[in-house]
Ligand code: ATR
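In our numbering, the protein residues as written are -14 to 498.
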């Protein structure tokens, strides 16, 4: 399994040690990024391994490679030499590794390192995609068998990630670190073992320091949430694909279950620019289950070999998993939604219920289909009239826009009001699509948004005395159905109860994403 290496990018040695000590229990080694230190601090790097008490990589990253060192090569080599000087016979007092770029040719440095057991990490940072044959490059970099080759490629697309993955798989260099830098390649750091890497670099993101490189994950999340040390060759891979995929409950939800159940499985975020390319990569990675989210719930359908009746009915798919090597699509949003709504109103169906659905997008389509299936009658209100009309006509529902006239119709559809638009989401907290409506206090109000926990729409409803529910319950509920699809069994009730209560304490963390 890959080792967790904490990248230390503070301005002073003391601060780096403070961070190291705080996160020591999560890591196997640390990288001292001398390029981030204040200039006078770099005089004291030689004692760092002794103070750290853990294997340390000595790195002075140039600005052209994404680091902060902008001085000349002479000065940099001198600093590297200082770090390797006065080598001690007790190797724990020396740097365990030194990062030497592939194009830096200073034999005396390498000799100094080798003499006292400091291993060489031969690195190459491809920030602009200029290396066309990554596999050949990795092979060419290793000069002696004991060297570690580090290839970090800035990726912009899933296709880039696929290229790097294949290069790593095919290169036949055992001691290697292969990283896809940037948000699009974030999972290469979690699935380091799968990408063939012996180390994965993380940062102390909850400190004020910035990430050591684009896409680095928080050191504690990597260790505790993703359970890096448990990820081996046989670990089953699950995840969520979407874009931009900045904040999602799913990785926390599934990984918490995997931990509680002691399952050899991991759930990763898969940001992607192309769901089609991602499904190709998912096949290579042997992904066993995938949640699909915005903006790919519709786009994914033509890529599936088969899909459920629910997917076909609403034209949206949020769950994909392999059956006999072919991708099968399911929609668990629908079942999650009705479970959650029926609980709120304490009913088994929606017969005799008059319901207002706000919005006419992808989510509203699923909501309308379920309201119809459960016997409810609905009014669909949407900013764009044509979309409201088109959706309403499928089920013979009423429709209108969000103006005074449309809102006026709610008086006849006010048993339940369901808010499905993105209005009121984090970043737009003050917005309320129903600001023209005055609640009577008798309505049950459901908002599918869960970040923030209480939108303006829900705040006003609660103030008027309405029963309210946000989208958290639905998200958990649809994830439970996903688990059932992925694993072929339900989440044990005891585990689910535990997760739900853990969710309360995790809530603020999830909200800030
Ligand atoms: P989703 O899959 O989340 O439903 P979508 O299909 O893009 O996403 O639909 C977004 C919904 O939010 C639509 O109903 C959209 O209204 P329009 O059909 O008029 O675009 C609604 N929406 C988004 N931004 C809005 C805004 N600022 N005011 C009102 N409605 C908005």
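The C-beta atom is built at its ideal place from N, Cα and C for all residues, glycine as well.
Being a predicted model, the structure only gives us computed values, none of them experimental.
| 7 Å CB neighbourhood of residue 482 in its chain, flanking five on each side removed | Here residue 482 is taken as the residue at index 497 of the chain shown, counted from 1. Excluding residues within five positions, none has a Cβ falling inside 7 Å.
| C-beta atoms of residue 429 and residue 448 nearer than 8 Å | Your numbering for residue 429 matches position 444 in the chain shown. Your numbering for residue 448 matches position 463 in the chain shown. Contact: no.
| Are at least three pairs of beta-carbons, each pair with one atom in the segment 463 to 479 and one in the segment 434 to 450, less than 8 Å apart? | Touching, no.
| request: Return the Cβ separation of residue 303 and residue 276 in integer angstroms, given the expectation that the two are a contact with Cβ distance under 8 Å. | output: Walking along the chain shown from the start, residue 303 turns up at place 318. Walking along the chain shown from the start, residue 276 turns up at place 291. With 8 Å as the limit, residue 303 and residue 276 qualify as a contact, their Cβ atoms being about 6 Å apart.
| request: State the Cα-Cα distance for the pair residue 396 and residue 8, rounded to the nearest angstrom. | output: As a working note, residue 396 is residue 411 in the chain shown. As a working note, residue 8 is residue 23 in the chain shown. Each residue's alpha carbon lies about 57 Å from the other.
| request: Report the rounded CA-to-CA distance for residue 225 versus residue 59, giving the unit in angstroms. | output: Residue 225 sits at position 240 when you count from the first residue of the chain shown. Residue 59 sits at position 74 when you count from the first residue of the chain shown. Using only the alpha carbons, I get a separation of about 46 Å.
| message | Between residue 99 and ligand 1, is there a pair consisting of the residue's CB and a ligand heavy atom that are separated by less than 7 Å? | response | Reading the chain shown from its first residue, position 114 is the one you call residue 99. Not so, every heavy atom of ligand 1 lies at least 7 Å from the Cβ.
| Do the segment 322 to 341 and the segment 355 to 365 make contact, defined as three or more Cβ pairs closer than 8 Å? | A contact exists between the segment 322 to 341 and the segment 355 to 365.
| task | Taking 8 Å as the cut-off, decide whether the C-beta atoms of residue 352 and residue 434 are in contact. | result | For the purposes of this step, residue 352 is taken as residue 367 along the chain shown, with counting starting at 1. For the purposes of this step, residue 434 is taken as residue 449 along the chain shown, with counting starting at 1. No, these two residues do not count as a Cβ contact at 8 Å.
| request: Assign residue 25 to one of two classes, buried (16 or more other C-beta atoms within 10 Å of its C-beta) or exposed (fewer than that). | output: For the purposes of this step, residue 25 is taken as the residue at position 40 of the chain shown. With fewer than 16 other Cβ atoms within 10 Å, it is exposed.
| Any residue whose CB is nearer than 7 Å to a heavy atom belonging to ligand 1, listed in chain order | 279, 282, 344, 345, 346, 347, 348, 349, 367, 368, 369, 372, 387, 405, 406, 407, 408, 416, 418
| query | Do residue 126 and residue 138 have their C-beta atoms closer together than 8 Å? | reply | Your numbering for residue 126 matches position 141 in the chain shown. Your numbering for residue 138 matches position 153 in the chain shown. Not closer than 8 Å, so no.
| Are the beta-carbon atoms belonging to residue 479 and residue 461 less than 8 Å from one another? | Position 494 of the chain shown, counted from the start, is the residue given in the question as residue 479. Position 476 of the chain shown, counted from the start, is the residue given in the question as residue 461. Cβ atoms of residue 479 and residue 461: not closer than 8 Å.
| said: Please list the terminal residues of the continuous beta strand (DSSP E) segment that includes residue 453. | reply: The residue labelled residue 453 in the question sits at position 468 within the chain shown. Start and end: 452 to 454.
| task | Look at the alpha carbon of residue 386 and the alpha carbon of residue 376, and state the distance between them as a whole number of angstroms. | result | Start at 1 with the first residue of the chain shown, and residue 386 comes out as number 401. Start at 1 with the first residue of the chain shown, and residue 376 comes out as number 391. Computed Cα separation, rounded: 13 Å.
| task | Please determine, among 401, 400, 419, the residue with the shortest C-alpha to C-alpha distance to residue 409. | result | Here residue 409 refers to the residue found at position 424 when the chain shown is read from its first residue. It is 419.
| Simplified DSSP assignment, three categories, for residue 94 | As a working note, residue 94 is residue 109 in the chain shown. Three-state DSSP puts residue 94 in a helix.
| request: Specify the secondary structure class of residue 500 as computed by DSSP and reduced to three states. | output: The structure shown has nothing for residue 500, since the chain only spans -14 to 498.
| field | Pick from 294, 296, 291, 218 that is closest to residue 272, judged by C-alpha positions | value | As a working note, residue 272 is residue 287 in the chain shown. Of the candidates 294, 296, 291, 218, the one whose C-alpha sits nearest the C-alpha of residue 272 is 218.
| request: Decide if the segment 139 to 155 is in contact with the segment 168 to 185; the criterion is three or more beta carbon pairs, one per stretch, under 8 Å apart. | output: yes
| Helix, strand or coil: which one does DSSP assign to residue 296? | Indexing the chain shown from 1 puts residue 296 at position 311. Here residue 296 sits in helix by DSSP.
| Per-residue burial, residue 425 [other beta carbons within 10 Å of its own, 16 or more giving buried] | Residue numbering aside, residue 425 sits at position 440 when the chain shown is read from its first letter. So residue 425 ends up on the exposed side.
| message | Tell me the rounded alpha-carbon separation between residue 412 and residue 359. | response | Numbered from its first residue, the chain shown carries residue 412 at position 427. Numbered from its first residue, the chain shown carries residue 359 at position 374. Using only the alpha carbons, I get a separation of about 34 Å.
| Based on Cα-Cα distance, which residue from 204, 370, 393, 474 lies nearest to residue 6? | Walking along the chain shown from the start, residue 6 turns up at place 21. Residue 204 is the option with its Cα nearest to residue 6.
| query | Applying the criterion that 16 or more other CB atoms from any shown protein chain within 10 Å of the CB defines a buried residue, is residue 1 buried or exposed? | reply | For the purposes of this step, residue 1 is taken as residue 16 along the chain shown, with counting starting at 1. Counting the other Cβ atoms within 10 Å of the Cβ of residue 1 gives 16 or more, which makes it buried.
| query | What are the start and end residues of the beta strand (DSSP E) that includes residue 385? | reply | To locate residue 385, count along the chain shown from 1; it is residue 400. Element bounds for residue 385: 383 to 385.
| query | In three-state terms, what does DSSP make of residue 486? | reply | What you label residue 486 is simply residue 501 of the chain shown in a count that begins at 1. Assigned with DSSP and collapsed to three states, residue 486 falls in helix.
| task | Starting from the C-beta of residue 291, find all residues in its chain whose C-beta is less than 6 Å away, skip the five residues before and the five after it, and write them out in chain order. | result | In the chain shown, residue 291 corresponds to position 306, counting from 1. Cβ neighbours of residue 291 beyond the five flanking positions: 313.
| Three-state secondary structure (DSSP) of residue 47 | Locating residue 47 in the chain shown gives position 62, counting from the first residue. Residue state, collapsed to three classes: strand.
| query | For residue -12, does the three-state DSSP call read helix, strand or coil? | reply | Numbered from 1 along the chain shown, position 3 holds the residue referred to as residue -12. Here residue -12 sits in strand by DSSP.
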